[in-house]
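Colleague: Our numbering numbers the first residue of the first sequence as 1 and each following residue consecutively. Glycine residues also receive a C-beta, built at the ideal position from the N, C-alpha and C atoms.
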Amino acid sequence: MLEQLITSNTIKAIQKLYGVEIKENLISLQNTRPDIEGDITLVVFPFLRMSKKGPEQTAEEIGSFLSENVEEIESYSVIKGFLNLVVSNNYWLNFFNENAVIPTYGYRETKDEDPFVIEYSSPNTNKPLHLGHIRNNLLGWSIAQILKANGRNVKKVNLVNDRGIHICKSMLAWLKYGNGATPESTGIKGDKFVGDYYVRFDQEYKKEIATLVEGGMEKEDAEKNAPLIKEAREMLKKWEINDPEVRSLWEKMNAWVYEGFDVTYNRMGIDFDKIYYESDTYLLGKALVEDGLKNGVLFKKDDNSIWCDLEDRNLDQKLLLRGDGTSVYMTQDLGTAEQRYDEFHPQKLMYVVGNEQNYHFDVLKIILDKLGKDWAEKIHHISYGMVELPHGKMKSREGTVVDADDLMSEMFNTAKTTTEELGKIDGLSEDEANGLFRKISLGALKYFMLKVDPKKTMLFNPAESIDFNGNTGPFVQYTYARIQSIIRKSADVGLNNYSIQHNVPLERKEKELLKTLSQFSEVINQAATTFSPAVIANYIYSLVKEYNSFYHDFSVLKEENKDKALFRVALSAFTSLVIKNGMALLGIEVPNKM
RNA sequence: GGACCCGUAGCAUAAUUGGAUAGUGCAUCUGACUACGGAUCAGAAGGUUAGGGGUUCGAGUCCCUUCGGGUUCACCA
Numbered sequence: 001m002l003e004q005l006i007t008s009n010t011i012k013a014i015q016k017l018y019g020v021e022i023k024e025n026l027i028s029l030q031n032t033r034p035d036i037e038g039d040i041t042l043v044v045f046p047f048l049r050m051s052k053k054g055p056e057q058t059a060e061e062i063g064s065f066l067s068e069n070v071e072e073i074e075s076y077s078v079i080k081g082f083l084n085l086v087v088s089n090n091y092w093l094n095f096f097n098e099n100a101v102i103p104t105y106g107y108r109e110t111k112d113e114d115p116f117v118i119e120y121s122s123p124n125t126n127k128p129l130h131l132g133h134i135r136n137n138l139l140g141w142s143i144a145q146i147l148k149a150n151g152r153n154v155k156k157v158n159l160v161n162d163r164g165i166h167i168c169k170s171m172l173a174w175l176k177y178g179n180g181a182t183p184e185s186t187g188i189k190g191d192k193f194v195g196d197y198y199v200r201f202d203q204e205y206k207k208e209i210a211t212l213v214e215g216g217m218e219k220e221d222a223e224k225n226a227p228l229i230k231e232a233r234e235m236l237k238k239w240e241i242n243d244p245e246v247r248s249l250w251e252k253m254n255a256w257v258y259e260g261f262d263v264t265y266n267r268m269g270i271d272f273d274k275i276y277y278e279s280d281t282y283l284l285g286k287a288l289v290e291d292g293l294k295n296g297v298l299f300k301k302d303d304n305s306i307w308c309d310l311e312d313r314n315l316d317q318k319l320l321l322r323g324d325g326t327s328v329y330m331t332q333d334l335g336t337a338e339q340r341y342d343e344f345h346p347q348k349l350m351y352v353v354g355n356e357q358n359y360h361f362d363v364l365k366i367i368l369d370k371l372g373k374d375w376a377e378k379i380h381h382i383s384y385g386m387v388e389l390p391h392g393k394m395k396s397r398e399g400t401v402v403d404a405d406d407l408m409s410e411m412f413n414t415a416k417t418t419t420e421e422l423g424k425i426d427g428l429s430e431d432e433a434n435g436l437f438r439k440i441s442l443g444a445l446k447y448f449m450l451k452v453d454p455k456k457t458m459l460f461n462p463a464e465s466i467d468f469n470g471n472t473g474p475f476v477q478y479t480y481a482r483i484q485s486i487i488r489k490s491a492d493v494g495l496n497n498y499s500i501q502h503n504v505p506l507e508r509k510e511k512e513l514l515k516t517l518s519q520f521s522e523v524i525n526q527a528a529t530t531f532s533p534a535v536i537a538n539y540i541y542s543l544v545k546e547y548n549s550f551y552h553d554f555s556v557l558k559e560e561n562k563d564k565a566l567f568r569v570a571l572s573a574f575t576s577l578v579i580k581n582g583m584a585l586l587g588i589e590v591p592n593k594m
């Protein structure tokens with residue numbers, strides 16, 4: 001690889017010129033700015049201490065050494081402390097000839113190693129999936145894919161929150177107001193159907209509170225004493241002691257929800273290696289707490305509740321078991337973390353969860369550490385920002401929640417009308433056309449969500465956000481489709497045999513393209529280390545822009561020199577391969593025509 | 001109040017993790033071979049990177065501070 005080559009020879013140069021052995025991390029290489037001649041640039045400021053000379057002279061000396069001793073370096077120029085190196089055509093052609101025909105170019109082979117376990121999605125079974133889940137799902141799936149492409153062994157898991165008071169609320173509402181209706185009888189998707197009863201509970205509950213307050217009760221008391229909430233709590237208790245009626249209702253309603261979720265996940269292209277249910281895991285963690293109490297790591301208060309003192313870490317105390325012995329969210333998470341560690345012996349335990357839970361995960365790690373679990377450090381919270389709407393955040397009470405299914409349908413329709421307006425569906429069967437609309441609409445949505453740095457809060461404007469021009473999924477897809485068209489036509493003009501060893505002079509834009517293409521696997525590595533699909537999206541975008549610019553300036557099929565024409569077909573094909581492999585990491589399909 | 005995060009052009013966002021003159025898209029304005037597919041390309045305009053101080057060869061990036069915004073500190077999950 002070019003960077004390794006320059007790095008090792010720079011070390012030699014410093015040794016030879018200044019008699020000092022330097023470490024690799026002192027060497028900083030970057031792409032040469034487009035307006036300056038050169039392919040790769042070495043920053044020489046860090047070496048001034050050794051050379052005891054000015055930046056220009058130091059750069060000059062190193063440049064002269066490199067161009068004399070490294071075959072691949074053709075020439076160099078110095079601007080201030082920046083040494084710009086020109087790499088020979090031969091180097092780029094070799095790179096091209098060796099890699100352009102590898103279908104999995106850019107990907108590493110998966111190692112047989114301890115896995116990276118990544119949990120994402122984690123829905124509640126009382127509400128349908130919304131825009132926030134979309135970001136979570138797409139991030140989790142894509143990060144898993146990127147890690148795999150970087151050679152990691154990955155396990156995708158989902159922990160479904162299928163029990164608790166909120167689930168009982170929808171169950172109770174269905175019993176009271178449902179009149180035996182089902183998703184089948186109403187034609188409503190299962191998760192939406194159940195979600196509607198959750199909303200209904202809330203409405204009726206609020207009415208009861210209002211009545212009680214009118215009768216002179218304090219609001220807080222009314223909230224605790226409204227008949228409905230009491231009934232819901234009763235139901236939860238019955239659930240916990242395995243009351244057969246409650247359990248069977250619970251199973252029936254959850255099955256409806258899962259049916260609905262499956263539809264949404266499938267449509268989104270999201271999947272998991274393993275699904276856990278909180279109803280199976282919510283009692284885990286109690287044993288850990290008991291042990292901690294014995295060891296004196298945890299302490300008990302007068303009401304028998306058990307706590308962890310975090311004051312030595314500048315944090316508050318954290319409750320782990322209530323006075324009545326029941327557990328809280330943290331307790332369960334301690335338990336599931338241990339379970340997952342025992343099950344997988346992972347290198348990393350990752351959780352894709354919104355940044356409002358940063359504190360929770362900090363505390364989780366600290367407590368596990370205090371409990372003496374040396375694997376606590378393997379826990380990694382992939383924290384992402386919320387998706388906001390133009391008028392603030394999504395609030396179910398204000399009806400501003402953007403539903404996942406609705407959004408996908410809307411995008412599908414937009415893709416359809418736009419494509420039809422552009423007259424691009426001529427000759428396609430209905431199935432083909434629908435498949436195309438699906439690819440384009442999901443491509444637009446996924447690219448839009450994933451091109452933003454996961455850590456950042458992002459704004460989603462339903463009316464304007466999803467564009468098909470500029471830095472978008474369809475823009476990338478379009479470039480891909482156009483290249484496929486060239487490849488199809490290349491046979492007609494006798495240019496189909498382009499998988500040969502090429503040896504042609506390179507135009508500047510061709511060289512730039514090759515340079516960018518050569519960076520693909522390093523980009524994957526960077527995306528994998530930073531857990532950021534945005535790195536991939538930005539890379540693909542710059543590649544596509546470069547290709548489009550090349551395409552505009554140079555003929556491929558009409559080039560008169562046949563060697564050059566063959567090379568350009570092959571270069572186009574290689575570019576489309578990288579586009580395809582890159583988009584696959586974002587879960588985006590690329591169409592052959594659009 | 002304590003802790004953590006964020007602030008880049010009208011809007012949305014990049015910046016190789018401390019490197020050169022802060023890139024790109026949308027919107028606005030101007031242009032492009034009678035198209036190898038115009039969902040494209042080329043160009044113009046738009047910035048004191050919230051304000052101030054510091055660290056150094058070099059700061060959007062690190063430190064301090066002020067202002068503005070967010071999250072969290074639950075016997076909810």
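Nearest-angstrom Cα distance between K52 and I40?
Modeller: On the first sequence, residue 52 is found 52 positions in, with the first residue counted as 1. On the first sequence, residue 40 is found 40 positions in, with the first residue counted as 1. Between K52 and I40, the C-alpha separation is close to 24 angstroms.
Colleague: How many angstroms separate the CA atom of A337 from the CA atom of S532?
Modeller: Position 337 of the first sequence, counted from the start, is the residue given in the question as residue 337. Position 532 of the first sequence, counted from the start, is the residue given in the question as residue 532. Approximately 23 angstroms between the Cα atoms of the pair.
Colleague: Take the Cβ of P227 as the centre, count every other Cβ of all protein chains shown within 10 Å, and call the residue buried at 16 or more, exposed below.
Modeller: The residue you call residue 227 lines up with position 227 of the first sequence. Counting Cβ neighbours within 10 Å, P227 comes out exposed, since fewer than 16 surround it.
Colleague: Nearest to E71 by CA position, among K156, A59, V78 and V86, is which residue?
Modeller: Working through the first sequence from its first residue, we reach residue 71 at position 71. Closest by alpha carbon: V86.
Colleague: Per DSSP, what are the beta-bridge partners of C168 in this structure?
Modeller: As a position in the first sequence, residue 168 is number 168, starting the count at 1. The partner list for C168 (beta bridge, DSSP) is empty, contrary to what the question assumes.
Colleague: Kindly indicate which three-state DSSP category D403 falls into: helix, strand or coil?
Modeller: Here residue 403 is taken as the residue at index 403 of the first sequence, counted from 1. In the structure shown, D403 sits in a strand (DSSP, three-state: E or B).
Colleague: Identify every run of the beta strand (DSSP E) within the region 123 to 150, keeping only runs that are complete inside it and at least 3 residues long; order them along the chain.
Modeller: List check, beta strand (DSSP E) in window: nothing returned.
Colleague: Would L513 pass as a contact of E546 if the rule is Cβ separation under 8 angstroms?
Modeller: Position 513 of the first sequence, counted from the first residue, corresponds to residue 513. Position 546 of the first sequence, counted from the first residue, corresponds to residue 546. A contact, by the Cβ cut-off of 8 angstroms.
Colleague: Leaving out the 5 sequence neighbours to the left and right, which residues in its chain are closer than 6 angstroms to I379 when beta-carbon positions are compared?
Modeller: Here residue 379 refers to the residue found at position 379 when the first sequence is read from its first residue. Contacts found: L349 and K365.
Colleague: Three-state secondary structure (DSSP) at Q203?
Modeller: Here residue 203 refers to the residue found at position 203 of the first sequence. Here Q203 sits in helix by DSSP.
Colleague: Leaving out five residues before and five after L506 in sequence, what residues of the same chain have Cβ atoms less than 6 angstroms from its Cβ?
Modeller: Numbered from its first residue, the first sequence carries residue 506 at position 506. Cβ neighbours of L506 beyond the five flanking positions: N89.
Colleague: How long is the line joining the alpha carbons of Y447 and N538, rounded to whole angstroms?
Modeller: Start at 1 with the first residue of the first sequence, and residue 447 comes out as number 447. Start at 1 with the first residue of the first sequence, and residue 538 comes out as number 538. Distance between the alpha carbons of Y447 and N538 is about 10 angstroms.
Colleague: If you drop the 5 nearest sequence neighbours on each side, which residues of the same chain put their C-beta closer than 6 angstroms to that of Y351?
Modeller: Here residue 351 refers to the residue found at position 351 when the first sequence is read from its first residue. So the list reads E119 and H381, once near-sequence residues are dropped.
Colleague: So V363 packs on L298, CB below 8 angstroms; how close in whole Å?
Modeller: The sequence position of residue 363 within the first sequence is 363, counting from 1. The sequence position of residue 298 within the first sequence is 298, counting from 1. With a Cβ gap of about 13 angstroms, V363 and L298 do not count as contacting.
Colleague: Just list the beta strand (DSSP E) runs in the region 270 to 351, keeping only unbroken ones of 3 residues or longer that don't cross its boundaries, in chain order.
Modeller: Runs of the beta strand (DSSP E) inside the region 270 to 351: 274 to 277, 298 to 300, 306 to 309 and 317 to 321.
Colleague: Among V402, I440, V401 and S409, whose alpha-carbon lies nearest the alpha-carbon of T419?
Modeller: Position 419 of the first sequence, counted from the first residue, corresponds to residue 419. Nearest C-alpha to T419: I440.
Colleague: Here's the rule I'm using: 16 or more other beta-carbon atoms within 10 Å means buried, otherwise exposed. How should M330 be labelled?
Modeller: Counting from 1 along the first sequence, the entry for residue 330 is found at position 330. The residue is buried, with at least 16 neighbouring Cβ atoms inside 10 Å.
Colleague: Using the DSSP secondary-structure output, state which residues sit across from L459 in a beta bridge.
Modeller: Stepping through the first sequence from its first residue, residue 459 is reached at position 459. BP columns for L459 point to E388.
Colleague: Could you check what DSSP says for I598 in three-state terms: helix, strand or coil?
Modeller: The chain is shown from 1 up to 594; residue 598 falls before or after that span and cannot be answered.
Colleague: Taking only three categories from DSSP, how would you classify Q526?
Modeller: By 1-based counting over the first sequence, the position of residue 526 is 526. Reduced to three states, the DSSP call for Q526 is helix.
Colleague: Counting only runs that start and end within the region 80 to 122, where is the alpha helix (DSSP H) found for 4 or more residues in a row?
Modeller: Correct list: 89 to 99.
Colleague: What does the Cβ neighbour count give for T58, buried or exposed, with the cut at 16 atoms within 10 Å?
Modeller: As a working mapping, residue 58 is identified with position 58 in the first sequence. Buried, since its Cβ has 16 or more Cβ neighbours within 10 Å.
Colleague: If you run the structure through DSSP and keep just helix, strand and coil, what is S429?
Modeller: On the first sequence, position 429 is the one that residue 429 refers to. Looking at S429 - three-state DSSP - the assignment turns out to be coil, as it is neither helix nor strand.
Colleague: Taking DSSP's pairing of strands, which residues face T41 in a bridge?
Modeller: If you number the first sequence from 1, residue 41 lands on position 41. Note: T41 sits in a beta bridge opposite Q30 and N84.
Colleague: Return the residue from the list P103, I487 and H166 that minimises the CA-CA distance to R200.
Modeller: Residue 200 sits at position 200 when you count from the first residue of the first sequence. Comparing Cα-Cα distances from R200 to each of P103, I487 and H166, the minimum goes to H166.
Colleague: What's the C-alpha gap between L566 and E559?
Modeller: Here residue 566 is taken as the residue at index 566 of the first sequence, counted from 1. Here residue 559 is taken as the residue at index 559 of the first sequence, counted from 1. If you take the alpha carbons of L566 and E559, they lie about 9 angstroms apart.
Colleague: Between which two residues does the beta strand (DSSP E) holding K156 run?
Modeller: As a position in the first sequence, residue 156 is number 156, starting the count at 1. From DSSP, the beta strand (DSSP E) with K156 extends over V154 to V160.
Colleague: Here's the rule: buried if 16 or more other CB atoms are within 10 angstroms of the residue's CB, otherwise exposed. What is M411?
Modeller: Here residue 411 refers to the residue found at position 411 when the first sequence is read from its first residue. It is buried - the Cβ of M411 has at least 16 other Cβ atoms within 10 Å.
Colleague: Can you pull the DSSP bridge partners for S64?
Modeller: As a first step, residue 64 is located in the first sequence; it is residue number 64 there, counting from the start. DSSP lists no partner for S64.
Colleague: Buried or exposed for R340, going by 16 or more other Cβ atoms inside 10 Å?
Modeller: For the purposes of this step, residue 340 is identified with residue 340 of the first sequence, where counting begins at 1. Classification for R340: buried.
Colleague: Could you check which residue in L138, L557, E204 and R163 has the C-alpha nearest to that of V257?
Modeller: Start at 1 with the first residue of the first sequence, and residue 257 comes out as number 257. Of the listed residues, the one whose Cα sits closest to V257 is R163.
Colleague: So, for N254: in the same chain, excluding its five sequence neighbours on each side, which residues have a beta-carbon less than 7 angstroms away from its beta-carbon?
Modeller: Start at 1 with the first residue of the first sequence, and residue 254 comes out as number 254. The residues are T125 and D162.
Colleague: In chain order, what residues of the same chain lie with their CB nearer than 8 angstroms to the CB of I36, ignoring the 5 residues before and after it?
Modeller: Along the first sequence, read from residue 1 onward, the residue named residue 36 stands at position 36. The residues are S77, I79 and N84.
Colleague: Got a sec? Which residues, its chain only, sit under 8 angstroms from L445 by beta carbon, not counting five neighbours each side?
Modeller: In the first sequence, counting from the first residue as 1, residue 445 sits at position 445. So the qualifying residues of the chain are I134, L407, M408, M411, I466 and G473.
Colleague: Can you check whether the CB of V117 is closer than 8 angstroms to the CB of R155?
Modeller: Along the first sequence, one-based indexing puts residue 155 at 155. Along the first sequence, one-based indexing puts residue 117 at 117. Reading the sequence as shown, one finds Lys at residue 155 and not Arg. Against a cut-off of 8 angstroms, the Cβ pair of V117 and K155 comes out as a contact.
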